[in-house]
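For reference, the structure discussed in these notes is given below.
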Amino acid sequence: MEPTQYIWLDGELVLWEDATVHVLSHALHYGTGVFEGIRAYETDRGTAAFRLTDHMKRLHHSAKAYQMELEWSVEDLAKAAKELLVVNELRSGYVRPIAFLELGAIGLNPEKARIRLAIITWKWGAYLGEDGVRNGIRAQVSSWRRFSGEVFPNAKATGTYINSILAKSEAIRNGCDEAVMLNADGAVTEGSGENIFLVRDSRIYTPPISSGCLDGITRDSIVTLLSDDGHEVLEREIHRSDLYYCDELFFTGTAAEVTPIREIDNRPVGSGKPGSVTRRAQDLFAATVS
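Below is the structure:
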């Protein structure tokens, strides 16, 4: 990660190296935090943060789920993110808002812990690599199951991502780029940090939110873009065997954008190359964000 000059912390701009927290922060010990990932793109009208307000709304929703009352409104946070991109002189980059519990409690009852909120920006290229965007990545179905719906899969909480880290690390150790996670019933949910789409016989499928996947903002954008483009996009439960029989697979996410999957569990997806629907999704998304 390449440091930028400033971080927004509790309403103030502080130098990157000064944006520190105490080792007794509740979030460090118990994972009590919520966050977002947002991309800003260079466009012919200047820098534009894609669906910035929607991301800040989801941050507030995640905070509410974990009973964290944020001091700053959606509008406050969107404005702060824009100002931070300007002062850090980033024409494009990644924006990470994070709200977390700091000092005031060290046991499991977080009631007296102080809520802090930071926004960080930095330069970040293709999450799964430029070659992965062009030619597709290798993925495997993880032995780690996605946590159940009882722990708010639609809230982006820091602690719950240890589940995804286990899956991602396993995939890397096994020579793959990313993991596909199943829920407790064996249905496909998502990647370690991305939503997943499947193409078979010209129809496009993605798991329903009830499967345990995140209600992704990029996922929603791709559903809209492909539907408006005349494609049939369906929410349907997907099983492991569907991954082996499909014509195309691709991940979507703020970090991953639209990344093709060329191989799953050592089996080629379709022809082993990104298909026409995946390429169309990439083109539509790129045209929209730029």
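The sequence shown begins at 30 in this note's numbering and counts up one residue at a time. The beta carbon of each residue, even a glycine, is placed where N, CA and C say it ideally should be. The structure presented is a predicted model; accordingly, all values stated were derived computationally and were not measured.
Quick one: Cα of residue i to Cα of residue j, how far?
i      : j      : result
VAL298 : HIS89  : 38 Å
SER193 : LYS108 : 31 Å
ILE36  : VAL209 : 33 Å
VAL103 : LEU38  : 16 Å
LEU227 : ASN183 : 21 Å
ARG265 : LEU255 : 16 Å
ARG145 : ALA128 : 6 Å
ASP258 : PHE314 : 12 Å
ILE135 : THR61  : 11 Å
ILE191 : MET85  : 23 Å
ASP73  : SER319 : 8 Å
THR218 : TRP153 : 26 Å
ILE251 : GLY188 : 28 Å
THR281 : ARG87  : 17 Å
THR82  : ALA147 : 16 Å
ALA56  : VAL162 : 34 Å
SER221 : ALA78  : 24 Å
SER91  : ASP244 : 12 Å
THR253 : THR307 : 14 Å
LEU113 : ARG120 : 11 Å
Looking only at DSSP bridge pairs, what is residue i linked to?
i      : result
ASP73  : GLY75
GLU140 : GLU140 is not bridged to any residue.
GLU219 : MET210
GLN169 : ALA208
ALA147 : LEU38 and ILE127
TYR59  : DSSP, once it has assigned bridges, lists no residue as partnering TYR59.
The alpha helix (DSSP H) with residue i in it runs from where to where?
i      : result
ARG87  : 81-94
GLU199 : 191-202
TYR274 : 269-274
VAL318 : 305-318
Along the chain, where does the beta strand (DSSP E) that runs through residue i open and close?
i      : result
LEU320 : With the chain represented from 30 up to 319, any question about residue 320 goes unanswered, as that position is not in the structure.
ASN224 : 224-229
VAL52  : Run containing VAL52: none; DSSP gives neither H nor E here.
GLY40  : Counting along the chain, GLY40 falls outside any beta strand (DSSP E), and DSSP gives it neither H nor E.
GLU292 : 286-293
Report buried or exposed for residue i, applying the criterion of at least 16 other Cβ atoms within 10 angstroms of its Cβ.
i      : result
ASP206 : buried
PRO32  : exposed
LYS93  : exposed
ASN212 : buried
MET97  : buried
Is the beta carbon of residue i sitting closer than 7 Å to the one on residue j?
i      : j      : result
VAL170 : ASP294 : yes
ILE233 : HIS268 : no
TRP151 : GLY133 : no
SER240 : ALA216 : yes
VAL63  : ALA155 : no
ALA285 : LEU157 : yes
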